[in-house]
Every structure is written in C-alpha cells, then in structure tokens.
Amino acid sequence: MIGKRLRFGDTIGLISPASPENIKAIKKAILLLKNLGFNVLEGKHLYDKWGYLAGKDKDRASDVMEMFKDKEVDMILCVRGGYGSSRILPYLDYDIIKKNPKIFAGFSDITVFLNIFYEKCGLTTFHSPMGTSNLEDVVTLKSFMFTFMEGNKLYTIKNPDEFKTVCINPGIVEGNLIGGNLGLICNSLGTPYEIDMKDKILFIEEVSEAPYRVDRILTQLLLSKKLQQCKGIILGQFKDCDLPHYERSLTLEEVLEDRLYNLDMPMFSGFCSGHDYPKLTVPIGARVRMNAKSGIINVLDAVVE
Numbered sequence: 004m005i006g007k008r009l010r011f012g013d014t015i016g017l018i019s020p021a022s023p024e025n026i027k028a029i030k031k032a033i034l035l036l037k038n039l040g041f042n043v044l045e046g047k048h049l050y051d052k053w054g055y056l057a058g059k060d061k062d063r064a065s066d067v068m069e070m071f072k073d074k075e076v077d078m079i080l081c082v083r084g085g086y087g088s089s090r091i092l093p094y095l096d097y098d099i100i101k102k103n104p105k106i107f108a109g110f111s112d113i114t115v116f117l118n119i120f121y122e123k124c125g126l127t128t129f130h131s132p133m134g135t136s137n138l139e140d141v142v143t144l145k146s147f148m149f150t151f152m153e154g155n156k157l158y159t160i161k162n163p164d165e166f167k168t169v170c171i172n173p174g175i176v177e178g179n180l181i182g183g184n185l186g187l188i189c190n191s192l193g194t195p196y197e198i199d200m201k202d203k204i205l206f207i208e209e210v211s212e213a214p215y216r217v218d219r220i221l222t223q224l225l226l227s228k229k230l231q232q233c234k235g236i237i238l239g240q241f242k243d244c245d246l247p248h249y250e251r252s253l254t255l256e257e258v259l260e261d262r263l264y265n266l267d268m269p270m271f272s273g274f275c276s277g278h279d280y281p282k283l284t285v286p287i288g289a290r291v292r293m294n295a296k297s298g299i300i301n302v303l304d305a306v307v308e
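Numbering (the numbering used here), first residue to last: 4 to 308.
Structural data, given as structure tokens:
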C-alpha cells in the first residue's frame with residue numbers, strides 16, 4: 004500500500020509522537036514547509052510536554068490516528084524523535100491506518116512506526132528528515148521533495164558523488180527494504196512488534212553510541228538469529244559513535260568488521276542516511292535492488308501513487 008504523491012498546496016500534518024521539541028523550532032519548520040508551497044495542520048498535542056515525552060501516551064497516539072483519519076491530510080511528518088514512540092504502539096488502530104494509506108515520515112525513534120506500519124498494514128513509509136531537520140541542506144531537500152512528489156515512478160537512490168560508499172561484500176540482491184535506527188530495531192525483539200528480517204534488505208544507522216554499545220546491540224541481533232536472515236545490509240551514518248581514545252576499546256570499524264562483515268551477504272557502508280547530512284530519504288517496505296559494489300539502490304516499485 005502506498006499513499007498518494009505530494010503536490011504543492013497539499014496538507015502536511017505535523018505531530019510529536021516521541022520527545023518534545025521547542026516551540027521556536029516547530030514554528031520555523033512550519034514556516035519552511037509553507038514557503039515550500041504546502042499547507043500545514045498542527046497536531047492537537049504538537050506542543051505538549053510531559054517530562055521527556057511530548058505529552059501523555061494516549062494523547063500522542065491520538066494525534067497519530069487523527070492525522071490518518073483526516074481526509075484533508077496528505078502527509079504525516081514527525082517533528083522529532085528522541086524517545087517514546089514504542090510506548091504508544093498498543094494505542095494505535097492498525098485497521099484504520101490500513102484503510103487510510105498516506106505518506107508517513109521521520110527517522111530515529113520514529114523507526115518503530117516506519118517498520119510496524121509496513122509490517123502490520125503493508126504501508127510503505129519513509130525514513131526521512133523530520134519537520135525540524137535542516138531542510139536547507141540542498142541534497143537533503145532535493146531527496147525529500149523528489150521522493151514524495153515524483154516517487155510514483157521507478158528511481159535510484161545514491162550518495163552525492165563526493166560521498167563515497169565502501170563495498171564490504173560484493174553482490175546484487177533484491178528484496179523489501181526495512182530498518183532505520185539500530186537500537187530501536189533491537190528494542191523490538193521479543194515484543195509483538197518485533198521486526199521481521201527474513202529475506203529483507205536491512206538498512207541501519209546509529210548516533211551517540213560508543214563502540215561497545217554498538218557491539219552489544221549487534222551481538223543481541225546475532226544471538227537472536229535476526230541479521231543472518233537478511234538478504235543484504237546497508238550501513239548508513241554512524242554519527243558520534245567514536246571515542247576520544249581507544250586504549251580500552253575497539254574502534255567502531257573493528258566492531259563492525261567483527262560482528263557484521265563476515266556475514267555471507269551483499270553489504271556496503273557509508274550510505275548518506277541517518278543523523279548527519281546530507282540525509283537521503285529512504286522508502287521503508289519498498290521493493291529495491293541493492294548493488295553493494297556501486298552503493299546504488301534501485302527502487303523497483305512506485306512508493307507513492
């Protein structure tokens with residue numbers, strides 16, 4: 004299932020389903036989206052705050068559901084991640100979401116929604132910039148706009164020429180693309196929302212996790228026999244996952260080499276998506292062809308109609 008493609012004059016619904024964002028940043032995002040040519044509908048609880056959460060669980064869940072039910076809303080865009088998305092999964096009505104397919108986008112903590120909406124509803128979602136991300140970055144904005152406005156045809160996702168990918172294991176493979184934030188993917192294990200990795204192409208990224216923490220997450224996924232089920236793996240941006248010294252630590256690269264690189268599947272690293280810039284928009288659930296040697300992702304089906 005796919006939502007309809009975005010056109011100028013369409014309405015983007017803004018929600019805060021995880022952690023709160025400051026009012027100034029949200030207002031700036033609204034102005035930017037309006038200047039791009041879109042209307043904006045603010046979620047009822049967009050500005051709520053309850054400790055480290057953007058309001059109470061049922062209120063945040065209500066905003067998600069109201070945006071799906073509102074026929075005037077063409078796209079749902081999260082303003083930030085942080086923490087809290089998993090808390091509202093039991094309060095969502097997946098039958099309603101399935102009956103009202105539309106663009107749903109965000110990244111980081113939003114990873115749980117992106118994959119669950121695909122798995123439970125068959126809805127293609129988007130690992131993309133947030134409403135408060137830097138959409139003034141030229142490459143980031145171009146990918147964001149192209150995907151939602153012209154993704155009704157087959158297209159290719161690849162890094163800008165100045166950002167080279169690295170082939171870990173060569174090969175070309177086709178499958179449905181899943182993934183997002185590595186920690187959030189691991190947190191789904193053993194729950195009703197566990198992510199199915201069988202025969203999928205897995206994209207992962209991470210931020211501010213020391214190498215031993217990345218090791219711990221990858222080890223748990225390996226012990227759970229999840230990573231071994233994938234057809235291919237794409238390593239995105241691992242921002243601030245290094246240390247000032249390594250006297251008592253492996254480097255991030257050593258962890259990845261030890262935990263991942265020996266898996267018998269196509270794999271490449273350096274893909275420009277995650278917590279850094281440029282930030283390419285990636286369709287979660289879409290059928291793609293991954294070429295590990297070239298670092299190119301061919302999207303094989305329309306992601307919007």
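We put the CB at the ideal spot given by N, CA and C, even for glycine.
Here Arg63 is buried. Its C-beta has 16 or more other C-beta atoms within 10 Å.
Nearest neighbour of Leu9 by Cα position, chosen from Thr150, Ile26, Ser131, turns out to be Thr150. Residue pairing of Lys242 in beta bridges, as defined by DSSP: Val210. A direct Cα-Cα distance of roughly 13 Å separates Ser191 from Glu122. Residue state for Val176 is assigned as strand, using DSSP reduced to three classes.
Taking 3 residues as the minimum length, the beta strand (DSSP E) runs contained wholly in the stretch 151-175 are 158-160, 169-172, in order along the chain.
In the DSSP annotation of this structure, Gly46 is not part of any alpha helix (DSSP H), being labelled neither H nor E. Counting only runs of 3+ residues, the beta strand (DSSP E) found wholly inside the stretch 16-79 occupies 42-45, in chain order. Sequence-distant partners of Asn25 (beyond 5 residues in either direction) whose C-beta falls short of 7 Å from its own C-beta are missing from its chain.
Ranked by Cα distance from Ile171, the first of Glu260, Ser131, Leu80 is Glu260. Shown here, Pro247 sits in coil according to DSSP, grouped into three states, outside any helix or strand. Under DSSP, Pro286 forms a beta bridge with Phe129. In the DSSP assignment, Val302 falls within the beta strand (DSSP E) that extends over 299-302. Counting only the Cα atoms, Lys234 lies some 5 Å from Lys203. When only Cα atoms are considered, Val302 and Arg251 end up about 42 Å apart. Across the structure, Asp98 and Met68 are spaced so that their CA atoms are roughly 11 Å apart. Excluding residues up to 5 positions away in sequence, Leu205, Met270 lie with their Cβ nearer than 6 Å to the Cβ of Ile236 in the same chain. Bridge partners of Met293 according to DSSP: Val176, Ile300.
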